[in-house]
Structures are given as C-alpha cells and as structure tokens.
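One structure below.
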C-alpha cells in the first residue's frame, strides 16, 4: 500500500470514523477543515513514527509537515531520504 493510501486510511478510520479515506483530497487541510485538532496531531505523529519507522523531532511538528496528505507524504519521503544518506 502506498504511503498516501496508508495515511488516508488512518485519517478515515481514526478521525472521520469511516472506512473510506480515499475520498479525502490530498491537499485538504486537516486543521482548517476540523479533521484533526491538537490532540489529533499527537496521534498522527505516533502513527507516523510507528508505521514508517521514523522519529519526529519537536521542531518538525508544524503545518508544513502535518497538515495534509501531500504535506505528510513529502515529510515522510524527506525523513526516509535523510536516513539513507551516509
């Protein structure tokens, strides 16, 4: 399953109480649309760390990284790329 699909499925099941996260647009703001609140961001961080095996630093917790499917996918890609570099 692709990263974006995993994120959509998690958002749908955890915050939208639905099995169909694939209707969630990739650029929809989680915060502006009221999908996720501050506690939800913490849950999302735990999901990202456990699912993708990355460590989220405090200074990385910002809307530029966690406020949409696309932003979160980009963040995960950057973290994985940084982990591979020597």
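Numbering (our numbering), first residue to last: 3 to 88.
Note that CB positions come from ideal geometry on N, CA and C, so glycine has one too.
State the CB to CB distance for the pair residue i and residue j, rounded to an integer number of angstroms; the pair is presumed to be in contact (CB under 8 Å).
| i | j | result |
| --- | --- | --- |
| residue 30 | residue 68 | 13 Å between Cβ atoms; not a contact. |
| residue 56 | residue 73 | Going by Cβ atoms, the distance from residue 56 to residue 73 rounds to 15 Å, so no, they are not a contact pair. |
Going by the beta-carbon positions, is the gap between residue i and residue j smaller than 8 Å?
| i | j | result |
| --- | --- | --- |
| residue 38 | residue 54 | no |
| residue 75 | residue 6 | yes |
| residue 26 | residue 65 | no |
| residue 16 | residue 52 | no |
For the alpha helix (DSSP H) that residue i lies in, which residues bound it at each end?
| i | result |
| --- | --- |
| residue 66 | 65-68 |
| residue 42 | 40-54 |
| residue 36 | Neither: residue 36 is in no alpha helix (DSSP H) and is coded neither H nor E. |
Quick check on the burial criterion: 16 or more other C-beta atoms within 10 angstroms. Buried or exposed for residue i?
| i | result |
| --- | --- |
| residue 70 | buried |
| residue 63 | exposed |
| residue 50 | buried |
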